[in-house]
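Participant: Residues in the sequence shown are numbered consecutively from 1253, following the numbering used here.
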Amino acid sequence: GLTTTMSSSNAAVFAGSADDNDKNHYSYAGDNDGSSNNNGDGDYDSDVDWSDNDDDDDDDDYDEEEENPMKRGRTILWLCQEGQLKIARLRLEGLLMMDRNNTISLDDGDDDISLSQAKREVFQHGQDGNYPLHEILMGGVSDTNAGLLVKIILNFGAKFPLEQYKMLATQPPSHRRTPLHWATWSNAPLSVLQSLIRRYPEALVLRDKSSHGNRTPVELYHHYYCQHRTRRGEEDEEDDTVVPQNLLKLQFLQESTTTWIVQRLQTSLHLCALRYFVTAHKTPFSKQDRKVTKITPKPWFALSVIGYCYQREMIPLAKHIVSYVGKGAKVQQPTKQKLRGKKQPQPQRTKKQKKIK
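(1) Helix, strand or coil, according to DSSP, for Q1369 in the structure here?
(2) Take S1368 as the anchor and find which of L1400, L1348, Y1383 has the nearest alpha-carbon.
(3) Assuming F1504 is part of the alpha helix (DSSP H), what are its boundary residues?
(4) Could you pull out every residue in the same chain whose Cβ sits closer than 8 Å to the Cβ of P1549, ignoring the five residues on either side in sequence?
(5) Output the residue ranges of the alpha helix (DSSP H) runs that lie fully inside the segment 1423–1489 and measure 4 residues or longer, sorted by chain position.
(6) Note the first and the last residue of the continuous alpha helix (DSSP H) segment covering E1249.
(7) State the DSSP-derived secondary structure class of N1407, mapped to helix, strand or coil.
(8) Exposed or buried, A1410, counting other C-beta atoms within 10 Å across all chains shown (16 or more means buried)?
(9) Can you tell which of V1393, I1567, Q1333, G1399 has the C-alpha that lies nearest to the C-alpha of E1373?
(10) Indicate whether at least one CB of chain B lies closer than 8 Å to the CB of R1428.
(11) Straight-line CA distance for V1494 to C1478?
(12) Report the rounded CA-to-CA distance for T1468 versus I1513, giving the unit in angstroms.
(13) To the nearest whole angstrom, what separates the beta carbons of H1475 and P1424, a pair I think is in contact under 8 Å?
(14) Between Q1506 and L1448, what straight-line distance do the alpha-carbon atoms span, to the nearest angstrom?
(15) Does the beta-carbon of H1572 have 16 or more other beta-carbons within 10 angstroms, so that it is buried, or is it exposed?
(16) When DSSP labels each residue in this structure, what does Q1416 get in the three-state scheme?
(17) Grab the span of the alpha helix (DSSP H) containing I1567 for me, first residue to last.
(18) For V1444, which residues in the same chain have their Cβ closer than 7 Å to its Cβ, ignoring the five residues on either side in sequence?
(19) Output yes or no for whether 8 Å exceeds the beta carbon distance between L1442 and F1504.
(20) Among A1554, W1330, Q1497, P1496, which has the Cα closest to the Cα of Q1376?
(21) Rounded to whole angstroms, what's the CA-CA distance from V1544 to S1556? Just pull it up for me.
(22) What do you reckon, are the CB atoms on I1328 and P1413 nearer than 8 Å?
(23) For S1556, does the three-state DSSP call read helix, strand or coil?
(24) What are the start and end residues of the alpha helix (DSSP H) that includes E1334?
(25) Where does the unbroken alpha helix (DSSP H) through P1384 begin, and where does it stop?
(26) With a threshold of 8 Å on Cβ separation, who are the neighbours of H1427 within its own chain once the five nearest residues in sequence on each side are excluded?
(27) Looking at G1559: is its Cβ nearer than 8 Å to the Cβ of L1517?
(28) Going by Cα to Cα distance, which pick from A1440, T1509, Q1379, Y1562 is closest to A1455?
(29) Since L1526 and Y1576 should fall inside the 8 Å C-beta cutoff, what is the C-beta to C-beta distance between them, to a whole number of angstroms?
(30) Excluding the 5 residues preceding and the 5 following E1565 in the sequence, name in chain order all residues of the same chain whose CB lies nearer than 7 Å to its CB.
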């Protein structure tokens, strides 16, 4: 029943490198001269010239308008919402003035305007609560531009820990999914999962909206990529044809969740004992202090044992006791909601029970 706000720097560090070389391949049909290849069966005239032979520059202006990443009014969020990830990447790279090695060079005082503009657009969210990172991961990162955008945004966000923490912790009301939820939903590469967990591991124990399954990231990934669908009324069985890479990601998510739950509980218990018995000088095992703190008896007894060790300067013993906390702990399962607007069915009483009443 104890929760403590803590930074993600205490989480286990998961190393990983981006290795996403997927590229989009497009195919075009038709001749290069723009003429029709109709053999007379259709309504097209083979003598009509469909090419633009005038001397104006309207086509060039149109291309420049579409490919101009610095056009006003077209923020990174808007470009990500419209699926124009290439232009969004070029715009972000232009604002950050990245060099050929994809390193951000913003050390001079003249770059404050570009830095503030990049910060404003990267951490901008729409009316639905989604950040650009949500929009990118929602559509998947199989595209090269999407993978590069995610990498640049996470690296740039390290300069602003508070804003990045808020972005990674946001659960928009539509699905209540964090960026880690969307990354598992879209089967993002392992390097992306590692980067998101390293920066905000608390997302591992958060659940999405109940109408969308009420699942954690590991449950979301297991549901969509590590089991096959069966008919209604039958339980889902493990699929032997699951891609080994998906099983590797599932194992990583499961191990990360277990590690974070244990560390989260141990750190919360440690900080709570320090707060009550070292900072506030509460008396261990005192009923009066327990009522003041509004803690139930069992958690108060556990805290009192650790607090007693801290007050008697038996810190190694206190740490040894805390090391046993959290072994085998799991994320709490969602409880079934009661029917709203309807009376719950009550068991029928016998005649004897009515007389006693």
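C-beta atoms are modelled at their ideal positions from N, C-alpha and C, and glycine is treated no differently.
Facilitator: From the atom records:
(1) Of the three classes helix, strand and coil, the one that applies to Q1369 here is helix, per DSSP.
(2) L1348
(3) 1496–1526
(4) R1542
(5) DSSP assignment within the segment 1423–1489 yields the following whole alpha helix (DSSP H) runs of 4 residues or more, N-terminal first: 1431–1437, 1442–1451, 1469–1477.
(6) Outside the modelled stretch of the chain, which goes from 1253 to 1609, sits residue 1249, for which no answer is possible.
(7) helix
(8) exposed
(9) Comparing Cα positions, the closest option is Q1333.
(10) Structure shown: chain B not included; a single protein chain is present.
(11) 6 Å
(12) 13 Å
(13) At roughly 20 Å, the Cβ-Cβ gap does not stay under 8 Å, so H1475 and P1424 are not in contact.
(14) 15 Å
(15) It is exposed - the Cβ of H1572 has fewer than 16 other Cβ atoms within 10 Å.
(16) DSSP places Q1416 in helix when its eight states are reduced to three.
(17) 1567–1574
(18) V1393, V1402, A1435
(19) yes
(20) W1330
(21) 14 Å
(22) no
(23) Looking at S1556 - three-state DSSP - the assignment turns out to be helix.
(24) Annotation: E1334 is outside any alpha helix (DSSP H) and is labelled neither H nor E by DSSP.
(25) 1384–1390
(26) So the list reads H1433, D1460, K1461, H1464, once near-sequence residues are dropped.
(27) no
(28) Minimum Cα distance to A1455 is reached at T1509.
(29) Actually they are not in contact, since the Cβ atoms of L1526 and Y1576 sit about 18 Å apart, beyond 8 Å.
(30) Cβ neighbours of E1565 beyond the five flanking positions: none.
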